[in-house]
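First to last, the protein sequences are chains Z and P. Going by our numbering, the first residue of the first sequence is number 38, and it counts up by one from there. Going by our numbering, the first residue of the second sequence is number 130, and it counts up by one from there.
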Amino acid sequence: MNEPLLQVKNLCTSFNVDSGEVRAVNGISFNLDKGRVLGIVGESGSGKSVTAYSIMRILVEPGRITDGQILYNGEDIVKYSEKQMREFRGKRVSIIFQDPMTSLNPVYTIGNQLREAILLHTDRNREQANARALEMLRLVGVNEPEKRLKQYPHELSGGMRQRVMIAMALACEPDILIADEPTTALDVTIQAQILELMQSLQKKLGMAIIMITHDLGVIADMCDEIIVMYAGRICERGTADEIFYNPRHEYTKGLLRSIPRLETGHERLIPIAGSPVDLTNMPKGCSFASRCDNCMKICLSTLPEELDINDFHKASCWMNVKQVYEEAAAEKEAESK
Amino acid sequence: MSEYLLEVKDLKQHFPIRTGWFSSKPLKAVDGVSFEIKPGETLGLVGESGCGKTTVGRTILHLYQPTSGEIIYNGQQITSQNIHKFRQEMQIVFQDPYSSLNPRMTVSDIVGEPLDIHKLYGTRGERDARIKELLRLVGLNSDHARRYAHEFSGGQRQRIGIARALAVDPKFIVCDEPVSALDVSIQAQVINTFEDLQQKLGIAYLFIAHDLLVVKHISRRIAVMYLGRIMEIADADEVITHPVHPYTQSLISAIPIPDPNTARTRKRIPLEGDVPSPLNMPSGCAFRTRCRYATERCAQECPTLAEIGPGHRVACWNPHE
């Protein structure tokens, strides 16, 4: 089998704040294969964005990677110098952010910002860079691209700005695109446009995408594989079908139960009780235990290990262990009869 | 007395935008909106940002002075002179639970303030008892009364906002995107709180949101707005299953469905381009610049809401099934 494009191994990222160490990402591992779309879903504070920032090494103080490896084509980028990182960002991996309003520089024109990225990472000259910028704007479906190059970000709508961000991220043909809540700030119809655009570009250019979002609808639409995060840890991972139709972690199940559906009537929603855990004061056992309906004694004392459900599906929940025992016991009973 | 708790007739809200030293231009945030809400009913108001849905909610409560149109509550017309007596009947819950609560007030002051203003208690003890009752009603603990807003999570803060709105025992609440700032697992808690309160106290809601799945869940009827006008209004299930206006159809086809099989098979009806500027509205139908079925008539005449079925009204010259 081929080596995965990106391997994250036991990544830990912490923020040292006055009230203690916040373990935003607490030992997560995953692989990303070439040309795949991986979704990371979780609520605010689950560590999904910090994972993305860790891969790009753009954590702001006091955040730092405390442990683990991030292997890109076998090289550990955690050990990269800032100079090597600058080479790596944009060219190998790029990121688009949630808020296109604040992630473009308001005092430079669109063309200026696009050209900057191209000149920095490729050996094109100014003229070629300009041609490339135009080509990219056309690719992402910006109308009148010549005019847009001369405009400033405030002259464009939110959807247009997000298209410009995508154009900028893809201008140097990265292998991996990290999309951190790329459509959360946009309206539904614009969101649909952007998701469709990302899908078609992914097919055309063949890059891998890490899609970070809290919206299960967006995840279902876009992703081949899904990682569900809670309180800095991965609680479940698998193919989209496995996660949506055969969830095996109590948190995932709760999440899927709590969203209103289009096809159902007006039945009561089943919410997840309580509120998210305090990251400075993490419980000893499973971090979801305090909100879990099926919490057992062991959940409070011991962290569950990740268990294979099948070839495409893993989950870290004691309920699965319990189920294995129960099935074994039932089998034994059947045999003795 | 009419069967409706609230009737809004041809409501207009134009904001003057200065274009020069002495010249200004109207921004037509709301341009002729009419709807009715029955007692104890929920009307969902959906639309994209800038369509004027929040302005409708605020204008009903006279937080903005309406440019023209009528707002009739329980058979009485609301004007800026008599709004104060209606403030006890009509309340609002805001979108952002982080900025809508005063950080220097304790929860008991936040929830108690409307009681003070409307002088709804005799003794100090009655006031405290009422605050405790309100907190219990929205699922908070009475110990929470002495804390400050920053000590609570987003969902809890939104409950404080709801308790404050409930303090005066209103019959109608404008809920302005009350769950969009909350996490999915918390959203369901707050939505359930709204539904429980409606059952218990018979409150009518105008539920404003951009998330169609949430609106569909909580509303009996849904109105779809675009650029200051209502495009379609009908029973919630009817709007979702049989949308007739091309805009509603696109909007519904764009909802991200949390189900991989449906996501793979369904067809989106993409909308081209962006929403036109409300300062520079297209002639005739506001949606015609992005509409697949636009004809010449759409550019000349503005369609009005016309009944096409029981309780189903559409503003379109070329409605499509």
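Glycine is no exception: its CB is placed at the ideal position from the N, C-alpha and C atoms.
Asked	Found
In chain Z, what lies closer than 7 Å to residue 185 of chain P by C-beta?	Under the 7 Å cutoff, chain Z gives no residues; its nearest Cβ is about 17 Å from residue 185 of chain P.
Name the DSSP bridge partner or partners of residue 144 of chain P?	P:156
In whole angstroms, give me the CA-to-CA distance for residue 143 of chain P and residue 357 of chain Z.	60 Å
Considering just the uninterrupted stretch of the beta strand (DSSP E) at residue 435 of chain P, what are its terminal residues?	435-438
Could you spell out where the alpha helix (DSSP H) holding residue 219 of chain P opens and where it closes?	Here residue 219 of chain P belongs to no alpha helix (DSSP H); instead the beta strand (DSSP E) covers 219-222.
What's the C-alpha gap between residue 95 of chain Z and residue 328 of chain P?	49 Å
In chain Z, what lies closer than 8 Å to residue 167 of chain P by C-beta?	In chain order: nothing, as chain Z lies at least about 16 Å away.
Any beta carbon of chain Z sitting closer than 8 Å to that of residue 321 of chain P?	yes
Name, in chain order, the residues that DSSP records as bridge partners for residue 67 of chain Z.	Z:45
Taking the continuous beta strand (DSSP E) assigned at residue 281 of chain Z, which residues delimit it?	It is not in any beta strand (DSSP E) - residue 281 of chain Z instead sits in the alpha helix (DSSP H) that spans 277-282.
For the candidate residues Z:344, Z:130 and Z:185, whose alpha-carbon lies nearest to that of residue 145 of chain Z?	Z:185
For residue 325 of chain Z, which residues in the same chain have their Cβ closer than 6 Å to its Cβ, ignoring the five residues on either side in sequence?	267 and 288
For residue 40 of chain Z, which option in Z:283, Z:67, Z:63 and Z:60 has the closest C-alpha, if you only look at C-alpha atoms?	Z:67
In chain P, which residues lie with their C-beta within 8 Å of the C-beta of residue 137 of chain Z?	What residue 137 of chain Z touches in chain P: nothing, since even the nearest Cβ is about 13 Å away.
What is the DSSP secondary structure of residue 323 of chain P, counted as helix, strand or coil?	helix
Straight-line CA distance for residue 379 of chain P to residue 139 of chain P?	26 Å
Extract the residue ranges of the beta strand (DSSP E) inside the stretch 244-332 of chain Z, only unbroken runs of 3 or more that lie entirely within it.	245-250, 262-267 and 270-276
What does a CB cutoff of less than 7 Å around residue 284 of chain P pick up in its chain, not counting 5 residues either side in sequence?	311, 315, 318 and 319
Could you compute how far the alpha carbon of residue 409 of chain P sits from the alpha carbon of residue 245 of chain P?	45 Å
Any C-beta of chain Z sitting closer than 8 Å to the C-beta of residue 392 of chain P?	yes
My assumption, with CB atoms under 8 Å, is that residue 213 of chain Z sits in contact with residue 129 of chain Z. Please give the rounded CB distance.	7 Å
Which term fits residue 164 of chain Z, buried or exposed, when burial requires 16 or more other beta carbons within 10 angstroms of its beta carbon?	exposed
Please report the straight-line C-alpha distance between residue 299 of chain Z and residue 206 of chain Z, rounded to a whole angstrom.	34 Å
Can you tell me the Cα-Cα spacing of residue 299 of chain P and residue 171 of chain Z, whole angstroms?	57 Å
For residue 308 of chain Z, is the classification buried or exposed, using 16 other Cβ atoms within 10 angstroms of its Cβ as the cut-off for buried?	buried
Based on DSSP bridge pairs, tell me the residues matched to residue 305 of chain P.	P:337
Within 8 Å of any Cβ in chain P, is that where the Cβ of residue 299 of chain Z sits?	yes
CB residue 190 of chain P to CB residue 344 of chain P, shorter than 8 Å?	no
Hey, does residue 136 of chain P have any beta-carbon neighbour from chain Z nearer than 8 Å?	no
Apply the 10 Å Cβ neighbour rule to residue 435 of chain P and answer buried if 16 or more other Cβ atoms are within range, or exposed otherwise.	exposed
In angstroms, rounded to a whole number, what distance separates the CA positions of residue 187 of chain P and residue 90 of chain Z?	39 Å
What are the start and end residues of the beta strand (DSSP E) that includes residue 217 of chain Z?	213-217
Using the Cα positions of residue 267 of chain P and residue 290 of chain P, report the straight-line distance between them to the nearest angstrom.	10 Å
Cβ atoms of residue 306 of chain Z and residue 297 of chain Z: under 8 Å apart, would you say?	yes
I need the DSSP call for residue 97 of chain Z, collapsed to helix, strand or coil.	coil
Within 8 Å of any Cβ in chain P, is that where the Cβ of residue 291 of chain Z sits?	yes
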